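Quick notes on the structure that follows.
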Amino acid sequence: MREHIRSGIQAFLSLVQYLEEFELEFDEKEMKMVMVAYILHDLHKEEAARKDGSSEYDVSLRDIEEIGEKLCEGLPIQIPPAAFLRVAGVSSFSNKLGDLSFLPDDFPWSYLRDWVKLMDQAASITGIAECREKRTVPNLKQLLGQLLPPKLAESLTIEFHCLQEVRGVITTQLHNGMSLFMKRNRFFPWLRFGDGTLYLSLQPDRLPEKNLLIEDLVQLFFLSVGESADQLDPEKLFDRSTFRCQTLSFMLYSEPEDFSRLFHQLFLKDSQKDKHFPDVMFDDKRNAKYGMDDLKGLYEFMGIDLPLTEDLRKKWFYTARYFAALQRLIQRLEEAKGAEAIRSLAKYLKLDANDILKKVPSELQSNSRRFDEAIWLSYRYLRSAGIDGKSVTQVPVEEWRLNVKEMATNFLSGRVTLTRSLEIVNREMKIQDELRLYFQEQLTVSWERSRELHLLNQKELTKKKTRSQKKICNLCNRQIPPRVEQKVKAPIIQDDVQVFSNRLLPKENSVSALHWCSICSFEYILRQILGLDSPGEKGISHRLYLFAFPAHQFTDLLLAEMEEELKGLFGSIHVHYRGRIRGAWQEPYIQGEEERFRDHLREHLRRYSDYFQMELAERGRLPSTGDLLKTGPPGNVMMFTFDCYSHTVERTREEAWMKALTAAVSLHKLYGFRIMVTEKPYLFLSDIRDVHYAVHLDSPPYKVSRLLGSPAERGTPEFVIPIEQVTEMLYQLAWLWEMHQAVHPLDFAKPTDKNISSILHQLEVHPMPGAYYFKRLLTNQTHPAASVVQSCRELNQIKGGYEMGLSKEISEASLALFEPYNQVKGRAHRYENLFRTVVEGIKEGRDRSELEGKVMKRLERLVSQRVGRVHLPIDVDAVKRLVTLVYEDFFMKRCGGSLAKLNQKQNQVADGVFFETHLVVQEERISKKEQLSSEETSNLGG
1 MREHIRSGIQ
11 AFLSLVQYLE
21 EFELEFDEKE
31 MKMVMVAYIL
41 HDLHKEEAAR
51 KDGSSEYDVS
61 LRDIEEIGEK
71 LCEGLPIQIP
81 PAAFLRVAGV
91 SSFSNKLGDL
101 SFLPDDFPWS
111 YLRDWVKLMD
121 QAASITGIAE
131 CREKRTVPNL
141 KQLLGQLLPP
151 KLAESLTIEF
161 HCLQEVRGVI
171 TTQLHNGMSL
181 FMKRNRFFPW
191 LRFGDGTLYL
201 SLQPDRLPEK
211 NLLIEDLVQL
221 FFLSVGESAD
231 QLDPEKLFDR
241 STFRCQTLSF
251 MLYSEPEDFS
261 RLFHQLFLKD
271 SQKDKHFPDV
281 MFDDKRNAKY
291 GMDDLKGLYE
301 FMGIDLPLTE
311 DLRKKWFYTA
321 RYFAALQRLI
331 QRLEEAKGAE
341 AIRSLAKYLK
351 LDANDILKKV
361 PSELQSNSRR
371 FDEAIWLSYR
381 YLRSAGIDGK
391 SVTQVPVEEW
401 RLNVKEMATN
411 FLSGRVTLTR
421 SLEIVNREMK
431 IQDELRLYFQ
441 EQLTVSWERS
451 RELHLLNQKE
461 LTKKKTRSQK
471 KICNLCNRQI
481 PPRVEQKVKA
491 PIIQDDVQVF
501 SNRLLPKENS
511 VSALHWCSIC
521 SFEYILRQIL
531 GLDSPGEKGI
541 SHRLYLFAFP
551 AHQFTDLLLA
561 EMEEELKGLF
571 GSIHVHYRGR
581 IRGAWQEPYI
591 QGEEERFRDH
601 LREHLRRYSD
611 YFQMELAERG
621 RLPSTGDLLK
631 TGPPGNVMMF
641 TFDCYSHTVE
651 RTREEAWMKA
661 LTAAVSLHKL
671 YGFRIMVTEK
681 PYLFLSDIRD
691 VHYAVHLDSP
701 PYKVSRLLGS
711 PAERGTPEFV
721 IPIEQVTEML
731 YQLAWLWEMH
741 QAVHPLDFAK
751 PTDKNISSIL
761 HQLEVHPMPG
771 AYYFKRLLTN
781 QTHPAASVVQ
791 SCRELNQIKG
801 GYEMGLSKEI
811 SEASLALFEP
821 YNQVKGRAHR
831 YENLFRTVVE
841 GIKEGRDRSE
851 LEGKVMKRLE
861 RLVSQRVGRV
871 HLPIDVDAVK
881 RLVTLVYEDF
891 FMKRCGGSLA
901 KLNQKQNQVA
911 DGVFFETHLV
921 VQEERISKKE
931 QLSSEETSNL
941 GG
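First residue of the sequence shown? That's 1 in the numbering used here, and the numbers climb one at a time after it.
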């Protein structure tokens, strides 16, 4: 209901804001009346307002007025008459419609009713699929026509776009690109859905054909990539092992200054190699390829003057790598061979490189990981160049590096252009052509609903495969165009290779033959640009993806709010009260203040985001171990990533899934998203209506899946959390995390929460896990906080059932005979004494009368042991009741008379008896203290 109300109000405010641009005036009092009426118009559907045995609409006007007055109490707003709420809220086909003629004349009731109907209609739309399949658009147009002046109503146009597939960031960017395109054509993006956006215009421009629209979208995509160039780590744009620029760099850079600056940033860092360069590049094996026996002979052969100073080695190391990068760049810009590229550079520097190319073995020239030609040419440049009449040895290293950078900028002038950069991208990735094909397949617009499907080559599918698939994408099964270089290395994938493909793949230790289509590669590039790569060490870190879809619809107003809150988010789910930043995620639910959870969560995420940002600013990196929630660009579909990362400590899968589940239900509570949680980096979803529960979990670990209850409780065999169970799940997670932080305090040396797995294990195997951990906390002589005691109670109720009730009855029967003292030493023995006495007798094969006698003897011994107070005289009926509970209800009924099951379950029930007994003893102790304190106060007063 909350989401329905929010959606309608947002749609109303957004539409009014748009209509005000056409100088339409709205009475503030009337608009407030409309919003209040809309909020109250579904009172007849609330169960709290219904009478037992009555129909949905059978709520009297008097009842509606009373409830409306209570809900609006304290607001400076006039409450709509109950008769109007009935007219506005009940279906036009209902016989409970009411009559507007009975209402006073101080408001235009028909006009206000039409507004409420429009808001209700807009809030009830769940997706653009309804606009394609039903009469949603004509109905909206009819309602708007009743509200607008005739001239504007005639020009009203409603259009929409629909995206078939959900893949990730590329999906969000496509929705945002379409919205920007429609704005340029004077269409207002009114309602956003997970599968598209509904636009309206009162002064529409003529919309272009779909093919022309797609060309504009492709250009928008490249522009959005270019705008993010400064945010990207230079290391992601360059392969140091081969000195080649990644294809992504040509998407971002199209000016000579861009590449010269990139190389300067990459090679600026000092290294241990520079003190021994180029000696470290040549061993006996490589010297032999030159026909030399040692390094000295090689230097003489190549014309190197010895000795080499440390200063010269530093400058040489920087210049040689810079020249190698320039050589590889020219090879791609001019589609030249390595020798031609080095000659081109030498010619610009007015140096001779022919003898170098003759001396360097062809085997080394063809090795992509060697740069011998650049090493020798850079030495010649060092000897021939100068700065302001000074030789290289006379200028500082920093000044020389800037000189090389400036030289490179001049050398690349005219060679690096926007056209050449796009040609390289299109040649190596076919990205422009692939984007066009992808948009033609997936994008549907209301004024041109046809789609062009590009099916796979049947011949390619049917032929026998003996090695990896090279012409079909290993991720999404799209056709890979000819001459596309899309070999993908393993680190791109966040988990074992075999997880993400249904095709024949190479062994994991030979994954270089993995092949992706250009769309999957572009999706990966977008994530790199947006900083969504994993911060941890692969193999010991875990990443989960949270794909979020709006439950109904939202507007640009809400989108702006989300962007403000989520932009640059470095959130976390922190469950401990200790640490550099105080505040645990579970606080509101533990303290019984659910209503402040949204504010608390916003503050929680902001606080930890500020902390991470501060760490980045001070140390240049994130903490070595931590949890990180990041978000992609806000839009119709959003992608969050949750990382349990580390560089030194192994993180567990259960911990990552528990944190991600907590984040998912929190985001649902905060924004109303429906969320798919998965380990798969790419989500290939053909219809968002498949995600119709609050939270979907894609193959969670067994222990985590057990939190969701049985399929019968969920109403589906899928691992999901229905919307009506979200609040219950939030409470359950809060109790689990509260118990975890009490039992497993934060270890600052290894700040992980992997021990949550042991809590989940006890939740699975123990009927009263709260009692189990409570007993162990007291054994360590700690005094659990009230929140921990409450968590123990609640966890017991999750699965306790029969055992929990039985433990309480046994505890009460035992306390009726013997009240144990509360000292720490021997506390468990005293609390469980009588229960274990009966169990011991059952194992000895005694009958009921003998068990009663055994309990009597134990009580007689306890009188003299000073471990508690035995109620004298001993109540025989109370003894019989205790024996009946343990023997009949526990042993015979619960254990089925089996001694094996008795051995298995006795400690579980004993934990429950300990828990219940301690609570009663503690309560009586506190009561006596208060009574004594009260008596002392009264005595002093007297």
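Quick reminder that beta carbons are idealized off the backbone N, C-alpha and C, glycines included.
The model shown is predicted, which means the values in this text are computed figures rather than measured ones.
Taking DSSP's pairing of strands, which residues face residue i in a bridge?
| i | result |
| --- | --- |
| GLN479 | ILE472 |
| CYS162 | GLY196, THR444 |
| GLU840 | In the DSSP output, where bridge partners are listed per residue, GLU840 has none listed. |
| SER646 | THR625 |
| LEU685 | VAL166 |
What is the residue span of the alpha helix (DSSP H) that residue i lies within?
| i | result |
| --- | --- |
| THR247 | 247 to 252 |
| CYS517 | First-last for CYS517: undefined, no H or E at that position. |
| GLY297 | 295 to 302 |
| CYS792 | 786 to 799 |
| ALA548 | Segment 542 to 550 is the beta strand (DSSP E) holding ALA548; no alpha helix (DSSP H) there. |
| ARG674 | Careful: ARG674 lies outside any alpha helix (DSSP H), inside the beta strand (DSSP E) at 673 to 678. |
| LEU150 | Going by the sequence as given, residue 150 is Pro instead of Leu. Per DSSP, PRO150 belongs to the alpha helix (DSSP H) from 150 to 155. |
| HIS740 | 726 to 743 |
From residue i to residue j, what distance separates their C-alpha atoms?
| i | j | result |
| --- | --- | --- |
| CYS895 | LYS901 | 5 Å |
| ASP305 | GLN327 | 25 Å |
| VAL838 | LYS905 | 14 Å |
| GLU363 | LYS285 | 13 Å |
| SER249 | SER421 | 9 Å |
| SER110 | LYS29 | 15 Å |
| GLU335 | HIS515 | 23 Å |
| GLU936 | GLU923 | 20 Å |
| ARG332 | LYS430 | 15 Å |
| SER501 | GLN246 | Unreliable placement is indicated for SER501, whose pLDDT of 44 sits below 50; the coordinate value is still reported in the next sentence. Roughly 25 Å separates the two Cα atoms. |
| LEU174 | SER686 | 15 Å |
| ARG380 | LEU475 | 48 Å |
| SER624 | GLY536 | 8 Å |
| LYS669 | GLN146 | 36 Å |
| GLN762 | MET768 | 8 Å |
| PHE612 | LEU817 | 58 Å |
Label residue i either buried or exposed according to how many other C-beta atoms from any shown protein chain fall within 10 Å of its C-beta, with 16 as the threshold for buried.
| i | result |
| --- | --- |
| HIS766 | buried |
| ILE926 | exposed |
| PHE748 | exposed |
| TYR951 | With the chain running from 1 to 942 in the structure shown, residue 951 is simply not present. |
| GLN203 | exposed |
| PHE914 | buried |
| THR716 | exposed |
| ILE573 | buried |
| LYS275 | exposed |
| PRO700 | buried |
| LEU872 | exposed |
| GLY8 | buried |
| GLN908 | buried |
| ILE39 | buried |
Looking at chain C, is there any beta carbon in it that lies within less than 8 Å of the beta carbon of residue i?
| i | result |
| --- | --- |
| LYS808 | Chain labels in this structure do not include chain C; a single protein chain is all it has. |
Does at least one heavy atom of the ligand NAD sit under 7 Å from the Cβ of residue i?
| i | result |
| --- | --- |
| PRO481 | You won't find the ligand NAD in this model; it holds no ligand whatsoever. |
With three or more C-beta pairs closer than 8 Å as the rule, is the region 805 to 822 touching the region 841 to 853? no
Meets three-Cβ-pair contact criterion under 8 Å: the region 544 to 554 and the region 586 to 600: no
Contact between the region 241 to 253 and the region 341 to 355 (3+ Cβ pairs under 8 Å): no
Evaluate contact between the region 747 to 761 and the region 650 to 657, counting only Cβ atoms and requiring at least three cross-stretch pairs below 8 Å. yes
Pairs of beta-carbons, one from the region 401 to 409 and one from the region 421 to 431, closer than 8 Å: are there three or more? no
Flag this pair as touching only if the region 786 to 795 and the region 734 to 748 have three or more C-beta atom pairs under 8 Å; answer yes or no. yes
For the region 599 to 613 and the region 520 to 537, state whether three or more C-beta atom pairs, one from each stretch, are separated by less than 8 Å. no
Segment contact, 8 Å Cβ cut-off, at least three pairs: the region 287 to 306 with the region 560 to 568: no
Should the region 10 to 18 be called in touch with the region 188 to 195, which here means at least 3 C-beta pairs below 8 Å? yes
Evaluate the contact criterion for the region 148 to 166 versus the region 613 to 624: three or more CB pairs, one atom per stretch, below 8 Å. no
Taking 8 Å as the cut-off, does the region 693 to 709 touch the region 720 to 727 (at least 3 CB pairs, one atom from each stretch)? yes
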